[in-house]
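>
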Amino acid sequence: MRTDATALVMRAGELLEATRAQRPLVQNVTNLVSMDIAANALLAFGASPAMIYAPEETEEFAAIADALVVNVGTLSATGAESMDKAAAAARMHGKPWLLDPVAAGLLTYRDGVIRRLLRHRPSIIRGNASEIMAVARIAGITQEAAAPRGVDSRHGASEAEALAVKLARHCFCAVVATGAVDVVTDGEQTVRVANGSPLAPRVTALGCSMSSVMGAYLAVAPSPFEAAFAATALYGVVGDMAAETARAPGSFRVAFLDNLYSIGATDLVARLKVQ
Amino acid sequence: MRTDATALVMRAGELLEATRAQRPLVQNVTNLVSMDIAANALLAFGASPAMIYAPEETEEFAAIADALVVNVGTLSATGAESMDKAAAAARMHGKPWLLDPVAAGLLTYRDGVIRRLLRHRPSIIRGNASEIMAVARIAGITQEAAAPRGVDSRHGASEAEALAVKLARHCFCAVVATGAVDVVTDGEQTVRVANGSPLAPRVTALGCSMSSVMGAYLAVAPSPFEAAFAATALYGVVGDMAAETARAPGSFRVAFLDNLYSIGATDLVARLKVQ
Amino acid sequence: MRTDATALVMRAGELLEATRAQRPLVQNVTNLVSMDIAANALLAFGASPAMIYAPEETEEFAAIADALVVNVGTLSATGAESMDKAAAAARMHGKPWLLDPVAAGLLTYRDGVIRRLLRHRPSIIRGNASEIMAVARIAGITQEAAAPRGVDSRHGASEAEALAVKLARHCFCAVVATGAVDVVTDGEQTVRVANGSPLAPRVTALGCSMSSVMGAYLAVAPSPFEAAFAATALYGVVGDMAAETARAPGSFRVAFLDNLYSIGATDLVARLKVQ
């Protein structure tokens, strides 16, 4: 491990403690599948979730929240209006926001909404490898067609790495492409996190909940890149810990939330596998 | 413990058995985060949940249901229309209904909806301490500004007690303000329940599910106050029992539902800490 | 057990393996309560869920998906539009689809939506006994009024059997009426599955998740009847297995998902009780 990687790992440990201590209020305009686990993950971790969903309320709440997470799963016209208002308001109030482009590349309507959301300049874009590759196409960086299979990735994160770097540079943001190995980049620095369990993609919306917890870090970290890395590290190590006691998806979900609650900076730093 | 408190505790035990035996049908016009756990809590407890949500159906269903629970989380214009219709129909058919004013005091739109719902005369208002204080302001009882942090309380229930009593008198209903100690009042009698675990607020929508189970009691109890007290007692003691085996939020949620299913009147009466 | 029943059981074992191997993409236009558990059940089993919900997206997605599941719980006008579009598109693209008529017979609006959906010719109709009896009335086969209590059945599957057979003949589809004993019929053949636990109806939307997993089988099985039987068999046996370690609904739900992940064809065939 190079020295700057070591420094990054140490900062991930510090950020875990700092984020919990500040208990940021995270607004989630998220999909109907993920609401339960995203709110539970934020609470277990130690942040304060608000699942403010409708256009009547998202804009006003964005002024109160410490960070915003927009997730385009189970998208509808009303949801799209909400997301647009929330992202615009977050920008206006100087609040950082994260875009989770669920199932990008599959559906015309959704890709249009993602294109419009990109104009509000997210601080982080987090998706599985296929989704990140699709967002790169939506952003006009590549012609290469890529799409997940439903919401499940078809690609490994290493396949997405080059496009993730370009996307980060193009959008001036951090990009996280998750997979067996996760890639985190801001276009300048790129790190890979090799933690995590194959059971994680067998639990619905666990990736969405990672975006929500990353939103908590965004409210506290000095840069989107550090927030993106620290939350990716946390989810990888918590996945490892959960897989030590759970052998199947039902109990893995329970163990995951339990470890998200109990993990300390020392565990995180000791177990993290950065490349 | 005074004699009338003892009598109240005994009645809570009797009501637990009576409510299970009658298995009331509880209509929930509730938020998107709580649907899963509210329905699961009602089923585990032994009641019959119906999450009838849209304005096309809420009115007709209110005539069939034994009680109605309205929860303003993840509020939208459509949801507000549904709530209004459901509460009006419940009143018309003589069915008791409960209002859960999630995040009251934070958002203009939501506070307006809560104000309109109060006109339909809920039998019980149940919220965390900050929410109850905010409803008191919405009802015009106080000028004091109070609001939760997102959906999490900023206040202890003791801070809310005086306003809870005033609110109960003003609205001719029972009021429950939950916290480390829960306050239950109908404006005449006030009791405090000192059971419960600090893990409970780390599980999303567990308070919403308490409102739903309280709705089941409303269908059976002789008065809103007794329903409010018995359900508050149940949730406190079940929280204590769950915390005996679970040390973190994921397994606490599972243990909570398990104990909601298995708890008997004897356990409830023996463990209840009433002040 | 007659020889053809033995053959059916063996095919259920083969279909379990074949469906997992193909990992079909199942589109769910489902209710707000079931999204989490339906997606988790599909993932735990080994299929790929997509909870594409809004009318802006359902039609386009139906061309991509391998099968469609339509569930009328928490129905709204927007949801009804989505279901209509999705079912029409599934038919046009030759994709099989399943109808789960939650709470049929209770509400005017919902029964009208179910009547219209029947015109799109579902491959399978799956509900509890009361719902199947109500759909038979909606389809004009009987005058007999029947309805569930909220979403819970009032009838045993044996009471529904004659109407289930008539409904299957009338709609040229397979029909599953679940209960303590489940009935599976295509109007020609009828089998009963006597597996399953009384804890299953104490977990919300577990029946909805069964419909979703049945949708995965529909994408792979040679006939709707075989898909219906194999998924009913799977859910019954997994219920038995879960009840061996779990004694209450919270842990039953976790154990159910765990066993849905780990069950193999041998377990299924050995434990299946067919009548």
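Chains as they are written, first to last, in the numbering used here: chain Z, 2 to 276; chain W, 2 to 276; chain E, 2 to 276. Note that beta-carbon positions come from the ideal geometry of N, C-alpha and C, so glycine has one too. Values in this document were obtained by computation on a predicted structure and should not be read as measured data.
1. State yes or no: is the C-beta of L108 of chain E within less than 7 Å of the C-beta of E61 of chain W?
2. Give the secondary structure of R193 of chain W by DSSP, where H, G and I count as helix, E and B as strand, and everything else as coil.
3. Figure out for me which residue from E:L17, E:H94, E:A266 has the closest Cα to the Cα of L43 of chain E.
4. For V270 of chain W, decide whether its Cβ has a neighbour in chain Z, counting only Cβ atoms nearer than 7 Å.
5. Enumerate in chain order the residues of its own chain whose CB-to-CB distance from N32 of chain Z is below 6 Å, with the five nearest sequence positions on each side excluded.
6. If the cut-off is 7 Å on Cβ atoms, which residues from the segment 147 to 167 of chain E count as contacting chain W, listed in chain order?
7. Between A51 of chain Z and chain W, is there a C-beta pair that is closer than 7 Å?
8. Name the chain W residues whose beta carbon is nearer than 8 Å to that of D37 of chain Z?
9. Does the beta carbon of L26 of chain E come closer than 7 Å to any beta carbon on chain Z?
10. To which residues of the same chain is V182 of chain Z closer than 6 Å at the C-beta, ignoring the five residues directly before and after it?
11. Using a Cβ-Cβ distance under 7 Å, would D259 of chain E count as near chain Z?
12. Does R29 of chain Z have its Cβ less than 7 Å from a Cβ in chain W?
13. For A72 of chain W, write down the residues that DSSP places opposite it in a beta bridge.
14. Tell me the start and end of each unbroken beta strand (DSSP E) in the segment 175 to 221 of chain E that is at least 3 residues and wholly inside, in chain order.
15. How long is the line joining the alpha carbons of M2 of chain W and L235 of chain W, rounded to whole angstroms?
16. Look at the Cβ atom of Y110 of chain W, then the Cβ atom of E58 of chain Z, and state whether they are nearer than 7 Å.
17. Does chain Z have any CB closer than 7 Å to the CB of A87 of chain W?
18. With DSSP as the reference, label D67 of chain W as helix, strand or coil.
19. So within the segment 103 to 144 of chain Z, which uninterrupted alpha helix (DSSP H) runs reach at least 4 residues, ignoring any that extend past its ends?
20. Quick one: what's got a C-beta closer than 7 Å to A66 of chain W's C-beta in the same chain, skipping five residues either side?
21. In angstroms with no decimal places, state the Cα-to-Cα distance between D37 of chain W and D153 of chain W.
22. Compute the Euclidean distance between the alpha carbons of V214 of chain E and A48 of chain W, then round it to the nearest angstrom.
23. Determine which residues of the segment 212 to 236 of chain Z have a Cβ less than 9 Å from any Cβ of chain W, and write them out in chain order.
24. What number of angstroms, rounded off, separates the C-alpha of A244 of chain E from the C-alpha of S198 of chain E?
25. For N41 of chain E and A256 of chain E, what's the separation of their Cα atoms in angstroms?
26. Specify the secondary structure class of R92 of chain W as computed by DSSP and reduced to three states.
27. Would you say Y110 of chain Z faces chain W, with C-beta separation under 7 Å as the test?
28. Looking at G188 of chain W: is its Cβ nearer than 7 Å to the Cβ of A169 of chain W?
29. According to DSSP, is L33 of chain W part of a helix, a strand, or is it coil?
30. In the DSSP assignment, find the unbroken beta strand (DSSP E) run with P225 of chain Z in it and report its ends.
31. Could you name the residues of the segment 59 to 74 of chain E whose beta carbon sits closer than 9 Å to any beta carbon of chain Z, in the order they occur along the chain?
32. Is I264 of chain Z close to chain W, meaning its C-beta is less than 7 Å from at least one C-beta of that chain?
33. Let me know the secondary structure DSSP gives R170 of chain W once reduced to three states.
34. Using only alpha-carbon positions, find the residue among Z:A146, Z:F253, Z:A135 that is nearest to V103 of chain Z.
35. Would you check if there are 3 or more beta carbon pairs closer than 8 Å linking the segment 114 to 134 of chain E to the segment 83 to 95 of chain E?
36. Between V89 of chain W and C172 of chain W, what straight-line distance do the alpha-carbon atoms span, to the nearest angstrom?
Well, looking at it:
1. yes
2. strand
3. The shortest Cα separation from L43 of chain E among E:L17, E:H94, E:A266 belongs to E:L17.
4. Taking Cβ atoms only, chain Z never reaches closer than 7 Å to V270 of chain W, which makes this a no.
5. N72, G74, T75
6. R150, G151, V152, D153
7. yes
8. V34, D37, I38, T205, A206
9. Chain Z, which has a Cβ nearer than 7 Å to the Cβ of L26 of chain E, makes this yes.
10. A158, R193, A195
11. Yes, because at least one Cβ of chain Z sits closer than 7 Å to the Cβ of D259 of chain E.
12. With the sequence shown as reference, residue 29 of chain Z is identified as Asn, and Arg is not the correct amino acid for it. Closer than 7 Å: no.
13. The displayed chain sequence assigns Asn, not Ala, to residue 72 of chain W. W:D101.
14. Within the segment 175 to 221 of chain E, the complete beta strand (DSSP E) runs of at least 3 residues are 175 to 179, 183 to 186, 191 to 194.
15. Note on M2 of chain W: pLDDT 44, under 50, position unreliable in the model; the coordinate value appears next. M2 of chain W and L235 of chain W: Cα-Cα distance of roughly 18 Å.
16. Taking a C-beta distance under 7 Å as the contact criterion, Y110 of chain W and E58 of chain Z qualify as a contact pair.
17. Interface with chain Z (7 Å Cβ-Cβ cutoff): A87 of chain W is excluded.
18. In the structure shown, D67 of chain W sits in coil (DSSP, three-state: anything other than H, G, I, E or B).
19. 109 to 119, 130 to 139
20. L26, V27, Q28, A51, K96
21. 19 Å
22. Roughly 27 Å between the two C-alpha positions.
23. none
24. Cα to Cα, A244 of chain E sits roughly 6 Å from S198 of chain E.
25. Per the coordinates, the alpha-carbon of N41 of chain E lies some 12 Å from the alpha-carbon of A256 of chain E.
26. helix
27. Judged by the 7 Å Cβ criterion, Y110 of chain Z is not in contact with chain W.
28. yes
29. coil
30. Segment 225 to 246 is the alpha helix (DSSP H) holding P225 of chain Z; no beta strand (DSSP E) there.
31. Per Cβ criterion, the list reads E61, F62, I65, A66.
32. no
33. helix
34. Z:A135
35. yes
36. For clarity, residue 89 of chain W is Ala in the given sequence; the question names Val instead. Using only the alpha carbons, I get a separation of about 16 Å.
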